[in-house]
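Going letter by letter, the sequence shown gives residues 1 to 301 in this note's numbering. What follows is one structure encoded as structure tokens, with my remarks underneath.
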Amino acid sequence: MPRTVSTFSIVARDSETGDLGVAVASKFLAVGAVVPWLRAGVGAVATQAHANVAYGPDGLAMLDAGLTAQETLDRLVAADSERDLRQAGIVDAHGNAATWTGSGCSDWAGGLTGDGFCCQGNILTGPEVVDALAEGYATAGGSPAGGSSAAGAFANRLLTALDAGQAAGGDSRGQQAAAIAIVRAGGGYGGGNDRWIDLRVDDHPTPLTELRRLVTLHRVYFDIDNAELLPLDDERLASVAEHLRRLDVLSGATTDRAAVIGALARWAGRENLEERLRDDDQIDSVVVEMLKSAADQRDRA
């Protein structure tokens, strides 16, 4: 019999964007490799306790065929001879939510559904953990860590739910791992898949703190928000050129626009910031901030 994935999780659909997400925390190594299953425009599944990982692909196939979250969960559970040991949560592309906790799951175990989300957990300190997950998600907004975009606000709501669950007691065995996954059509790198956010902390003393740090980095590298654009006028171009010279990426006193932009592209590519570069005489404020920070750090070294 597999180890119990002692876990608390939230599965949700963002009503503003249609993005689907799963966030999970556990005293279980690499919990993000087991629990979350998602497909943009289809649905999201969390499978845990004595997790049946087939609930992921099978559940998504049922949702893709038009079944609701509850119909999908009912079919998965009915076909599973070890259903009493399983726990799962499903949200479909319309925001319908369903959760299941088998009678054989280790105490405390249970779940609840809300408007566009479900929360569930097992081997918890008590029912207050699931209640806190729901309350944290329902009351959270955007934050600098999540980013100012709608997708960033959704990520923050999921992270806030996990933080609230942990503050209420969390996994009764302690902390080890956490993960967050959010999907949207064409949301992956270069638009090649739907994995907008797919971040895991596999083994860490404070996995939720580390997971939020990773989400902040994701915002820096990939969450392109037009509200953060600045005009690349002559004054700002000169400032960018000076930072690049301090980093030995640009030589001489040139402020030739093509030369400065070429040097900026070389630096940004080295720092994995190429997704934030523009070709319309604007510059992303995050690029400006990181360029200045890198130059300042170089001067202090």
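We put the CB at the ideal spot given by N, CA and C, even for glycine.
Residue from the options with nearest C-alpha to residue i
i, options, result
"VAL42", "LEU250, TYR55, GLY59 and TRP267", "GLY59"
"ARG300", "ARG246, ASP281 and TYR137", "ARG246"
"ALA12", "PRO36, ALA253 and VAL260", "PRO36"
"TYR55", "ALA253, GLY32, ILE10 and ALA79", "ALA79"
"ASP163", "GLN48, GLY186, THR139 and TYR221", "THR139"
"MET62", "VAL77, HIS50, ALA49 and GLN48", "VAL77"
"ALA263", "LEU237, ASP284 and SER285", "LEU237"
"ARG184", "VAL22, ALA295 and ALA109", "VAL22"
"GLN175", "VAL24, ASP14 and ARG83", "VAL24"
"GLN48", "ALA30, GLY32 and VAL5", "VAL5"
"ARG86", "ASP115, GLU71 and CYS105", "CYS105"
"ASP248", "ALA294, ASP131 and ARG276", "ALA294"
"GLY198", "CYS119, ASP19 and GLN166", "The identity of residue 198 in the sequence shown is Asp, whereas the question assumes Gly. Per the Cα distances, ASP19."
"ILE180", "VAL240, ALA33, ASP281 and GLY187", "ALA33"
"ASP256", "GLU271, ARG270, VAL240 and ARG266", "VAL240"
"VAL45", "ARG83, ASP84, SER26 and CYS119", "CYS119"
"GLY188", "ARG39, LYS27, PHE8 and SER26", "ARG39"
"GLY114", "THR209, ARG278, VAL31 and ASP14", "ASP14"
Element boundaries [beta strand (DSSP E), containing residue i]
i, result
"ASP284", "282 to 284"
"PHE222", "Segment 207 to 222 is the alpha helix (DSSP H) holding PHE222; no beta strand (DSSP E) there."
"GLY89", "86 to 92"
"SER26", "20 to 26"
"GLN48", "43 to 49"
"VAL201", "195 to 201"
"LEU230", "229 to 231"
"LEU38", "36 to 39"
"THR7", "7 to 13"
Beta-carbon spacing of residue i, residue j below 8 angstroms
i, j, result
"VAL215", "LEU133", "no"
"PRO303", "ALA168", "For residue 303 there is no data in the structure shown, the boundaries of the chain being 1 and 301."
"ALA97", "PHE117", "yes"
"LEU73", "ALA88", "yes"
"VAL287", "ALA268", "yes"
"VAL91", "ALA69", "yes"
"LEU217", "ILE283", "no"
"PRO127", "TRP100", "no"
Residue i - containing alpha helix (DSSP H), residue span
i, result
"GLY262", "257 to 270"
"ARG245", "234 to 246"
Burial state of residue i, where buried means 16 or more other Cβ atoms lie within 10 Å
i, result
"GLN297", "exposed"
"HIS94", "exposed"
"LEU67", "buried"
"LEU211", "buried"
"GLY146", "Because the pLDDT of GLY146 is 48, which lies under 50, any placement of that residue in the model is unreliable, and the number read from its coordinates should be weighed accordingly. Flag for GLY146 reads buried."
"GLU228", "buried"
"SER103", "exposed"
"GLY136", "buried"
"GLY165", "buried"
"GLY186", "exposed"
Any C-beta of chain C under 8 angstroms from that of residue i
i, result
"LEU208", "No chain C appears in this structure, which consists of one protein chain only."
message: If we require 4 or more residues per run, which alpha helix (DSSP H) segments fall completely within the segment 100 to 155?
response: 128 to 139
task: Taking only runs that begin and end inside the segment 51 to 89, name each unbroken alpha helix (DSSP H) of 4 or more residues, in chain order.
output: 55 to 64 and 69 to 78
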